[in-house]
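Numbering (the working numbering), first residue to last: 38 to 235.
All C-beta atoms in this analysis are idealised placements derived from N, C-alpha and C, irrespective of residue type, glycine included.
Have a look at the structure below before the remarks.
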Amino acid sequence: MKKILIAFATLLCASSLFSQIQKGKWLVGGRTNFSSTNQDFPSGEIKQTNFRVGPDLGYFVRDKFALTLNPGLEWQTYQFGTTPKQKYRETELGLGARYYFLEPDARYNIYAEAKYLFGAYKEDDDESVGYGKYGFGANFVCFLNSFVGFEIGAGYSSKKYEDEDERIGRISFGTGFQIHLDPCRHKKNVRPEMVSKL
């Protein structure tokens with residue numbers, strides 16, 4: 038079954054003839070993450086869940102280089118033993134940039150991204166606490182067709198809350214989809230070797 042899925046993904050990628058990362062195009066997409074952790078200690082059990090949604094909106098100001106708007110929402114629950122469950126929420130918004138290293142008409146590509154975000158952390162009915170966060174990462178993308186790209190990558194982020202000296206670092210791995218839009222219908226590049234095979 039695994040071989041069939043890999044072959045299917047390869048076939049989809051091979052069907053891509055058009056560039057998606059040219060100047061004037063838009064990208065819309067994002068990633069979601071969910072985690073659940075249970076840890077047993079002599080004094081009790083810790084249960085923690087985490088769900089995050091991170092959409093992206095970007096515009097290619099030049100070929101292979103896009104500026105992005107990066108909102109984010111994260112919900113967490115935490116419970117120790119028989120104590121009441123605590124609920125947390127984080128809301129953030131930031132700006133970023135991504136650069137693709139291979140040619141615009143490549144079926145596969147690699148890009149690096151960096152972003153900076155401002156956010157607010159809120160626990161149950163307590164007042165919000167602000168924070169700043171920066172992050173960067175590297176990603177592999179496979180263009181499934183002229184509009185959709187499948188991405189997989191890794192990243193690192195560092196967060197600092199107001200009135201605190203220490204920073205919190207996080208390493209993350211994830212997958213996601215990006216939809217590339219061409220509202221102005223820019224001319225698409227078709228590679229000569231692909232035309233000869235049609």
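Three-state secondary structure assigned by DSSP to residue i
i: aspartate 142; result: coil
i: leucine 42; result: The predicted model places leucine 42 with a pLDDT of 46, which falls under 50 and marks its position as unreliable, so this point remains unresolved.
i: aspartate 200; result: coil
i: aspartate 93; result: strand
i: glycine 81; result: strand
i: isoleucine 319; result: No statement about residue 319 is possible, as the shown extent of the chain runs from 38 to 235 and does not include it.
i: proline 108; result: strand
i: serine 73; result: strand
Whole-angstrom distance between residue j and residue i, CA atom to CA atom
i: tyrosine 96; j: tryptophan 63; result: 5 Å
i: threonine 133; j: isoleucine 83; result: Residue identity differs from the one stated: residue 133 is glycine in this sequence, not threonine. C-alpha separation (whole angstroms): 35 Å.
i: asparagine 87; j: phenylalanine 117; result: 15 Å
i: histidine 217; j: valine 90; result: 19 Å
i: arginine 144; j: asparagine 176; result: 14 Å
i: proline 79; j: lysine 122; result: 19 Å
i: phenylalanine 180; j: phenylalanine 187; result: 6 Å
i: glycine 81; j: glycine 174; result: 37 Å
i: aspartate 77; j: threonine 114; result: 17 Å
i: tyrosine 198; j: serine 73; result: 24 Å
Residues near residue i by beta carbon distance below 8 Å, same chain, minus five either side
i: leucine 104; result: Gly95, Tyr96, Val98, Leu132, Gly133, Ala134
DSSP bridge partner residues for residue i (one or two, in chain order)
i: glutamate 188; result: Val178, Gly213
Residues of its chain near residue i, where Cβ-Cβ distance is below 6 Å and the 5 sequence neighbours each way are ignored
i: arginine 126; result: Trp112, Lys159
i: tyrosine 137; result: Ile58, Lys101, Asn146, Tyr148
Minimum Cβ-Cβ distance from residue i to chain D less than 8 Å
i: valine 98; result: Checking the listed chains, one finds no chain D in this structure; it contains a single protein chain.
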